[in-house]
Amino acid sequence: MAVIEEILRKLQAGSLDLAGAFALALAENDASEMPVTQERSDLVVARLDRNRGARCGFPEFIYGAGKTVEELLKIIPQLHASKVNVLATRVKAAAGAVLQEHFPQGSYDERSGCFLWMQPDAELRGKAVILSAGTSDLPAALEAQMTLQACNCSTELIVDAGVAALHRLLKVLDKLQSADVVIAAAGMEGALPSVVAGLIKVPVIALPTSVGYGANLQGLTPMLAMLNSCASGVTVVNIDNGFGAACAAARIINAKY
3 MAVIEEILRK LQAGSLDLAG AFALALAEND ASEMPVTQER SDLVVARLDR
53 NRGARCGFPE FIYGAGKTVE ELLKIIPQLH ASKVNVLATR VKAAAGAVLQ
103 EHFPQGSYDE RSGCFLWMQP DAELRGKAVI LSAGTSDLPA ALEAQMTLQA
153 CNCSTELIVD AGVAALHRLL KVLDKLQSAD VVIAAAGMEG ALPSVVAGLI
203 KVPVIALPTS VGYGANLQGL TPMLAMLNSC ASGVTVVNID NGFGAACAAA
253 RIINAKY
């Protein structure tokens, strides 16, 4: 981090041009990557990016799908040792139980498949409200909530606020209006984000889920509905991608705070 600060000072002083600063920053990032190697071979299973927080506003996260428990057990403590919050997504229940046993300071949520280990001095900022149209949309909604927490953002999760019972949504309208950003997770026909965006002025991120009967097409129907929303300015992420929705929300909060 000190090297990056020195590069920025030289850039501000005019002793270094933009191209030179970019080249030095890339070199520093390469030098700071932490290789994680399997004990049984020389195979490098991960190259941990310690400077991602300075570049992007949130740390590197772990995509757990496809990784063995042994690999996760090696990556997680090294990432946590670099003083960032650790989030592993798409972790299956059996692996999550092992992680919980080895790292009791963290928490594993089976519904979302997320393992989260926060730094003890983490300070949360901003306010993101996550709306889950129904209980069945919770896996994606909880993934979004835990990702936002890993990004040091305050969250509130509101469950079962879909358009089938509009009065439930109207009862929490004040919370939506006072938030910095709202994530609306919905399957079925995917109408919730459009309704929400027509009622509030803060950014709305639409999170389509694969919840629904046949014509839901495993989330394709709500995703297309959200992309074709009559409410202007709605951001749409991929199907069941609570992680991506949260990262977009974190960028909005980072720009404000």
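Plus 2 on top of the position in the sequence shown (first one is 1) and you've got the numbering used here. Quick reminder that beta carbons are idealized off the backbone N, C-alpha and C, glycines included. None of the values given here were measured: they were computed from a predicted structure.
With a cutoff of 9 Å on beta-carbon distance, Met148 and Asp111 are scored as near each other.
For Cys116, the enclosing beta strand (DSSP E) starts and ends at 116-119. CA-CA distance, Ala217 to Gly200, rounds to 26 Å. Annotated as proximal: Val86 and Glu62, with beta-carbon spacing under 9 Å.
DSSP links Asp111 through a beta bridge to Cys116.
Collapsing the DSSP output to three states places Gly214 in coil. The shortest CA-to-CA distance from Lys69 to any of Cys58, Gly55, Arg92 is the one to Arg92. If you look at Cys155, you'll find it in the beta strand (DSSP E) that goes 155-161. Shown here for Leu194: same chain residues with a beta carbon closer than 7 Å to its own, the five before and five after excluded, namely Leu133, Ala135, Gly164, Val165, Ala186, Ala188 in chain order. In the three-state reduction of the DSSP assignment, Val100 falls in the helix class, which pools H, G and I. Cβ contact annotation for Thr157 (same chain, cutoff 7 Å, sequence separation greater than five): Ala130, Ile132, Gln147, Leu150, Gln151, in chain order. Ser196 sits in a helix when the DSSP states are folded into three classes. If you look at Lys69, you'll find it isn't in any beta strand (DSSP E); DSSP assigns it neither H nor E. Around the beta carbon of Glu145, 16 or more other beta carbons sit within 10 angstroms, so the residue counts as buried.
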